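**Q** Below is the structure I would like to discuss, written out as structure tokens.
There are 2 protein chains.
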Amino acid sequence: MSQTVDRALSILPLLAEGPADLGQVADRLGVHKSTALRLLRTLHEHGLVYRQSDQRYRLGARLFALAQEAVENLDVREIAHSHLVELNEKVGHTVHLAVYEENEVLYIDKVESRYPVRMYSRIGKPVAITVAAVAKLLLADLSEAERRAIAEKLDYPMYTARSTPNAPAFLRELEKVREQGWATDLGGHEESINCVGAPIRGADGRVVAAMSVSAPNVVVTAEELLTLLPLVRRTADAISRDYSGTGSTANSPTKEARSR
Amino acid sequence: MSQTVDRALSILPLLAEGPADLGQVADRLGVHKSTALRLLRTLHEHGLVYRQSDQRYRLGARLFALAQEAVENLDVREIAHSHLVELNEKVGHTVHLAVYEENEVLYIDKVESRYPVRMYSRIGKPVAITVAAVAKLLLADLSEAERRAIAEKLDYPMYTARSTPNAPAFLRELEKVREQGWATDLGGHEESINCVGAPIRGADGRVVAAMSVSAPNVVVTAEELLTLLPLVRRTADAISRDYSGTGSTANSPTKEARSR
DNA sequence: ATGGCCGTTGCACATATTGCAACCGCCCGC
DNA sequence: GCGGGCGGTTGCAATATGTGCAACGGCCAT
């Protein structure tokens with residue numbers, strides 16, 4: 002909608018790939034160097050971009066500050082955190098909390114396993130949406146039309162032989178998750194890692210977040226992990242209760258329709 | 002330099018305080034609602050802003066992704082990480098890694114003491130620049146002119162009775178740190194917490210990052226913590242060696258002069 | 001029903017942004 | 001030591017772009 006801002010913002014993902022100099026930025030934006038310079042300067046003033054000693058540009062510090070404050074404003078996260086820690090203390094494995102936003106599922110909190118083997122995931126990193134238990138939980142709650150629309154648009158990378166292969170399979174899986182009220186990922190993302198997850202609901206019953214427990218099967222088999230399901234569900238329900246209690250309708254999908 | 006972009010970017014810190022509706026944004030920007038709407042839309046398209054169900058705006062998901070990628074591009078961090086983990090396993094306390102950028106010091110990595118809770122939890126949070134051990138280490142390496150300039154501009158909040166009270170005291174402290182090659186923060190930020198830190202240097206000897214070990218004195222006294230100093234310094238030196246080895250001059254201050 | 005509030009849209013105006021070209025400083029090769 | 005070239009920077013004129021306005025429309029509360 003606003004060309005200038007649009008161009009300026011396009012610089013950020015570009016710099017996320019790595020530092021770049023003025024010429025490179027200008028080229029990739031398809032604008033004159035002078036234009037790129039002015040945009041970069043503006044970004045710089047706001048601290049979103051940093052000029053390193055070799056004059057090249059790189060993403061700046063304020064970005065962290067913003068992301069940090071943003072995550073702190075999510076009150077599901079705040080409410081859930083102590084529950085997650087508690088669960089982690091009981092079961093020992095890695096616990097994740099994720100939300101759905103604009104066709105992406107992202108982790109907003111994580112409590113690491115106390116076992117040395119740690120899985121690679123990062124708060125803020127988009128989740129493997131076609132296979133992760135939390136992703137299935139979040140998507141399963143959308144309307145059928147939305148699910149279908151999203152399923153069509155997705156790619157279905159075969160991380161492992163057990164990854165969800167295509168849209169129909171994914172939709173079927175979502176249907177199943179929707180009915181049973183919990184989800185798993187058994188080696189669908191990494192061969193040796195299994196997860197069990199449960200949804201967290203707002204006062205109106207809509208899923209606002211999802212949590213999961215993950216463990217490599219060198220530590221526990223998939224069957225053993227599944228025995229934790231009741232505990233996971235109880236924790237999720239406890240969070241749901243806390244969350245509905247505060248009644249803060251401030252965050253995440255709450256009402257039925259979302260424009261797009 | 003660019004009015005439109007400037008206005009658009011001003012929205013971000015504003016939303017960082019919490020969700021806001023169109024009218025509020027327009028007011029605080031001092032522009033018409035229609036203008037604010039278009040700016041928000043552009044930010045929205047880039048995923049920096051999210052529209053929640055109640056129509057209010059909030060910081061969006063891509064912000065996390067960007068901050069995440071940004072931090073991953075810092076190669077000091079990558080190189081240092083395994084050393085930090087190793088140190089953490091030895092001493093058990095929280096380990097921090099920080100860099101200096103544009104008059105700010107920020108944590109770029111952290112290994113928690115007991116329960117490895119969410120990483121990056123404090124990234125972006127303004128570091129207590131006048132008292133933190135890592136801050137002293139990073140600032141101590143600047144030229145005297147730069148140190149003086151910064152010292153003048155800073156505030157000196159008295160977090161505790163042992164906080165650095167004013168610019169002259171701070172400059173003296175930096176001088177001391179510069180000479181001895183390590184730094185402490187003994188209850189200067191929080192009464193009961195002590196830190197020991199050491200600098201990480203690039204091939205040219207300039208300080209590119211700083212690390213520290215922190216522990217509450219209910220666990221170890223300041224004297225006991227200080228006995229870890231040799232270990233901390235060895236770790237920092239090991240990282241320095243690794244970092245110089247790769248010779249990647251890509252990030253952080255490397256050359257002598259920095260424009261400003 | 002009705003009034004008011006908030007988000008949204010089309011339009012005409014003018015301002016802010018753009019590309020250009022010339023300039024500067026630096027590094028490198030000759 | 002000199003000249004050429006490269007990357008970044010600035011002033012300017014043209015115009016595309018963003019702006020405020022006013023009117024519209026949906027929604028909630030009265």
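Protein chains in written order, with my numbering: chain A, 2 to 261; chain B, 2 to 261. Just so it is clear, CB atoms sit at the ideal spot from N, CA and C, and this is done for glycine as well. The structure presented is a predicted model; accordingly, all values stated were derived computationally and were not measured.
1. My output table needs one value for residue 126(B): the three-state DSSP class, helix, strand or coil.
2. Please list, in chain order, the residues of the segment 157 to 183 of chain B that have any C-beta partner in chain A closer than 9 Å.
3. Specify, as a first and last residue, the run of the alpha helix (DSSP H) that residue 76(B) falls within.
4. For residue 244(B), which three-state DSSP category applies?
5. If you follow the beta strand (DSSP E) that residue 135(A) is in, where does it begin and where does it stop?
6. How would you call residue 1(B), buried or exposed, if buried means at least 16 neighbouring beta carbons within 10 angstroms?
7. Kindly say whether residue 58(A), judged by its beta-carbon, lies nearer than 7 Å to any beta-carbon of chain B.
8. Can you grab the Cα-Cα spacing for the pair residue 139(B) / residue 237(B), in whole Å?
9. Do residue 240(A) and residue 81(A) have their C-beta atoms closer together than 7 Å?
10. With 7 Å as the threshold, decide whether the Cβ of residue 242(B) is near any Cβ in chain A.
11. When you compare the CB of residue 2(B) with every CB in chain A, is at least one pair closer than 7 Å?
12. Is residue 248(A) close to chain B, meaning its C-beta is less than 7 Å from at least one C-beta of that chain?
13. Since residue 135(B) contacts residue 109(B) with CB under 8 Å, what's their CB separation in whole angstroms?
14. Using a Cβ distance threshold of 8 Å, determine whether the segment 15 to 31 of chain A contacts the segment 47 to 67 of chain A, with at least three qualifying pairs required.
15. Pop quiz: residue 165(A) and residue 131(A) are said to be a contact at Cβ under 8 Å. What is the actual Cβ separation, rounded to whole angstroms?
16. How many Å lie between residue 20(B) and residue 190(A) at the Cα?
17. If we ignore side chains and look at the alpha-carbon of each, how far apart do residue 27(A) and residue 144(B) end up?
18. In this structure, how does DSSP classify residue 7(A) when only helix, strand and coil are distinguished?
19. On the three-state DSSP scale, how would you describe residue 24(B)?
20. Going along chain A, which residues have a C-beta under 9 Å from residue 47(B)?
21. Is the segment 211 to 223 of chain A touching the segment 92 to 102 of chain A in the sense that three or more CB pairs, one from each, lie closer than 8 Å?
22. What distance in whole Å lies between the Cβ atoms of residue 9(A) and residue 40(A), which are believed to be in contact at a cut-off of 8 Å?
23. Put residue 185(A) into one of helix, strand or coil per three-state DSSP.
24. Which residue comes first and which comes last in the beta strand (DSSP E) that contains residue 107(B)?
25. Three-state secondary structure (DSSP) at residue 73(A)?
26. When the cut-off is 7 Å and only beta carbons count, does residue 70(B) lie next to chain A?
27. Is residue 228(B) buried or exposed, if buried means 16 or more other CB atoms sit within 10 Å of its CB?
28. Kindly indicate the opening and closing residues of the beta strand (DSSP E) around residue 60(A).
29. Whose CA, out of 83(B), 51(B), 129(B), 246(B), lies closest to the CA of residue 68(A)?
30. Against chain A, does residue 24(B) count as a neighbour if the rule is that its beta carbon must be under 7 Å from one of theirs?
31. Since I believe residue 197(B) is in contact with residue 155(B) (beta carbons under 8 Å), could you give me their beta-carbon distance rounded to a whole number of angstroms?
32. Could you name the residues of chain B that residue 136(A) contacts, counting a contact when the two beta carbons are closer than 8 Å?
33. Rounded to the nearest angstrom, what separates residue 187(A) and residue 220(A) at their Cα positions?
34. Comparing the C-beta of residue 188(A) with each C-beta of chain B, is any distance below 7 Å?
35. What are the residues that DSSP puts in a beta bridge with residue 201(B)?
36. From residue 233(B) to residue 88(B), what distance separates their C-alpha atoms?
**A** Taking the coordinates as given:
1. Here residue 126(B) corresponds to residue number 125 of the second sequence, with the count starting at 1. In this structure, residue 126(B) counts as coil in the three-state DSSP scheme.
2. none
3. Position 75 of the second sequence, counting from 1, holds the residue named residue 76(B). Run containing residue 76(B): 76 to 92, per the alpha helix (DSSP H) assignment.
4. The residue labelled residue 244(B) in the question sits at position 243 within the second sequence. Reduced to three states, the DSSP call for residue 244(B) is helix.
5. Translated into the one-based positions of the first sequence, residue 135(A) becomes position 134. Note, residue 135(A): premise wrong, no beta strand (DSSP E); alpha helix (DSSP H) at 134 to 141.
6. Look at the range of chain B in this structure, 2 to 261, and you will see that residue 1(B) is not part of it.
7. Indexing the first sequence from 1 puts residue 58(A) at position 57. Not closer than 7 Å to any Cβ of chain B, the Cβ of residue 58(A) fails to qualify, so no.
8. Counting from 1 along the second sequence, the entry for residue 139(B) is found at position 138. Counting from 1 along the second sequence, the entry for residue 237(B) is found at position 236. Cα-Cα distance, rounded: 13 Å.
9. Position 239 of the first sequence, counted from the start, is the residue given in the question as residue 240(A). Position 80 of the first sequence, counted from the start, is the residue given in the question as residue 81(A). In this structure, residue 81(A) lies closer than 7 Å to residue 240(A) by Cβ.
10. As a first step, residue 242(B) is located in the second sequence; it is residue number 241 there, counting from the start. Judged by the 7 Å Cβ criterion, residue 242(B) is not in contact with chain A.
11. Translated into the one-based positions of the second sequence, residue 2(B) becomes position 1. Closer than 7 Å to some Cβ of chain A, the Cβ of residue 2(B) qualifies, so yes.
12. Walking along the first sequence from the start, residue 248(A) turns up at place 247. Low confidence applies here, because residue 248(A) scores a pLDDT of 45, under 50, leaving its location unreliable and the question unanswered by this model.
13. Taking the first residue of the second sequence as 1, we reach residue 135(B) at position 134. Taking the first residue of the second sequence as 1, we reach residue 109(B) at position 108. The pair is not a contact, with the Cβ atoms about 10 Å apart (cut-off 8 Å).
14. yes
15. Counting from one through the first sequence, the residue named residue 165(A) turns up at place 164. Counting from one through the first sequence, the residue named residue 131(A) turns up at place 130. Yes, they are in contact, since the Cβ atoms of residue 165(A) and residue 131(A) sit about 5 Å apart, within 8 Å.
16. Position 19 of the second sequence, counting from 1, holds the residue named residue 20(B). Position 189 of the first sequence, counting from 1, holds the residue named residue 190(A). About 34 Å.
17. In the first sequence, residue 27(A) corresponds to position 26, counting from 1. In the second sequence, residue 144(B) corresponds to position 143, counting from 1. Their backbone Cα atoms lie some 34 Å apart in a straight line.
18. As a working mapping, residue 7(A) is identified with position 6 in the first sequence. Correct three-state label for residue 7(A): helix.
19. In the second sequence, the residue the question calls residue 24(B) occupies position 23. In this structure, residue 24(B) counts as helix in the three-state DSSP scheme.
20. Working through the second sequence from its first residue, we reach residue 47(B) at position 46. Residues of chain A passing the Cβ test: 6, 7, 10, 11, 13, 14.
21. yes
22. On the first sequence, residue 40(A) is found 39 positions in, with the first residue counted as 1. On the first sequence, residue 9(A) is found 8 positions in, with the first residue counted as 1. Indeed they touch by this definition, with Cβ atoms about 4 Å apart.
23. Looking up residue 185(A) in the first sequence gives position 184. The answer is strand: DSSP assigns residue 185(A) an E or B state.
24. Here the question's residue 107(B) lines up with position 106 in the second sequence. Taken as a continuous stretch (DSSP letters only), the beta strand (DSSP E) holding residue 107(B) covers 105 to 112.
25. The residue you call residue 73(A) lines up with position 72 of the first sequence. If DSSP states are grouped into helix, strand and coil, residue 73(A) belongs with the helices.
26. As a first step, residue 70(B) must be located in the second sequence, where it is residue number 69. Yes, contact with chain A.
27. For the purposes of this step, residue 228(B) is identified with residue 227 of the second sequence, where counting begins at 1. That one is exposed.
28. As a first step, residue 60(A) must be located in the first sequence, where it is residue number 59. Unbroken beta strand (DSSP E) run through residue 60(A): 58 to 60.
29. Against the first sequence, residue 68(A) aligns to sequence position 67. It is 51(B) whose Cα lies nearest to the Cα of residue 68(A).
30. Working through the second sequence from its first residue, we reach residue 24(B) at position 23. So, not an interface residue.
31. Stepping through the second sequence from its first residue, residue 155(B) is reached at position 154. Stepping through the second sequence from its first residue, residue 197(B) is reached at position 196. Contact doesn't hold; Cβ gap of about 23 Å is too wide.
32. Along the first sequence, read from residue 1 onward, the residue named residue 136(A) stands at position 135. Simply none; closest approach about 14 Å.
33. As a working note, residue 187(A) is residue 186 in the first sequence. As a working note, residue 220(A) is residue 219 in the first sequence. The straight-line gap from Cα to Cα measures roughly 14 Å.
34. Counted from its first residue, the first sequence places residue 188(A) at position 187. For residue 188(A), the answer is no, since every Cβ of chain B falls outside 7 Å of its Cβ.
35. Sequence index remark: in the second sequence, residue 201(B) carries index 200 (1-based). According to DSSP, which records beta bridges pairwise, residue 201(B) is partnered with 210(B).
36. On the second sequence, position 232 is the one that residue 233(B) refers to. On the second sequence, position 87 is the one that residue 88(B) refers to. The straight-line gap from Cα to Cα measures roughly 8 Å.
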